Amino acid sequence: MGKEQTPVRSAPWLMGRPRPRCCRRAGQSPLCSDPWWLLSGQKALAVKEQWKELKATYQEHVEAITGALTQALAKTEEAQSKRVQLQEALEQLQAKKQVAMERARTAQKQWQLQQEKRLQHLAEASAEVRQRQRGAQQELERLRQELGALQQQAGQKRDRLQRHQTFLQLLHILQGEPLLPGAETERPQELGIPEAKPQEQNTGDAVGKDRSVPSQADGLQPARGTSSRWFPEGQQHGKGT
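So the sequence shown is numbered by the working numbering: it starts at 545 and just counts up by one.
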């Protein structure tokens, strides 16, 4: 029988543990000079340092984010406050605008009422003026008619007076009575009768037509001494007839 061989124990990294990185390089022996626990401690220190750096960076980021959030919240609150102020200002402006519009509508209505009243007053005044004008025209027409009638009556009285004077002159001449010297014939103004244009130049024709006096009286002028006041109007007509 041969010599009994002792079993070879495998390295610790062969028993379910990963091999160290230094032993993974080609050309090296599976048995590394540095133990695995030393490598694990150095790696842990490196990881710890890295963790500290990451934590510091994270803390800085957190602080930066917190500061930014604080500023953002402050700005948000300020913006909210400004929004509230603007909203209040807008509501006040809208209220003022509403009041101004109401006042404008009220003023417009008052102005329209005033214009309507003014137009009504003007229409009434115009109607009154037209009525007065019509009344004045009617009164003027009436006065014209009265004046025409008075002028016609005055002309008739003037003609009658002239005929009477002519008749008296002819009567005195025919009777051979002398005319009174110094006696002036009453003028139409003394009798209150306005003068008019002469209508008949031939007194003989007028006497011949009205009083049937002979035509020998043609060309005679009225005597100054004869006056119609010597005879009453009734007697004059009686003699004339």
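A virtual CB, placed ideally from N, CA and C, is assigned to each residue, including glycine. Given the structure is predicted, the values throughout are model-derived calculations rather than measurements.
A direct Cα-to-Cα measurement between R707 and Q697 gives close to 15 Å. Of the residues assessed, R674 falls on the exposed side of the cut-off, its CB having fewer than 16 other CB atoms within 10 angstroms.
The alpha-carbon of Q681 is positioned some 57 Å away from that of Q642. Taken atom to atom, the span from the alpha-carbon of Q709 to that of G720 is near 16 Å. DSSP, read as helix, strand or coil, puts G720 in coil. Classified as exposed, Q636 has fewer than 16 neighbouring CB atoms from the shown chains inside 10 Å of its CB. Around the beta carbon of Q713, 16 or more other beta carbons lie within 10 angstroms, which makes this residue buried. Rounded to whole angstroms, the gap between the alpha carbons of E607 and Q586 is 31 Å. Rounded to the nearest whole angstrom, the CA to CA distance from T601 to A590 is 16 Å. In this model, E685 and Q695 are separated by some 15 Å (Cα to Cα).
Our two residues, L663 and R688, have alpha carbons roughly 36 Å apart in a direct line. Of the other Cβ atoms in all chains shown, fewer than 16 fall within 10 Å of the Cβ of R678; this residue is therefore exposed.
Within the same chain, no residue comes within 6 Å of R649 by CB-CB distance, once the 5 residues on both sides are set aside.
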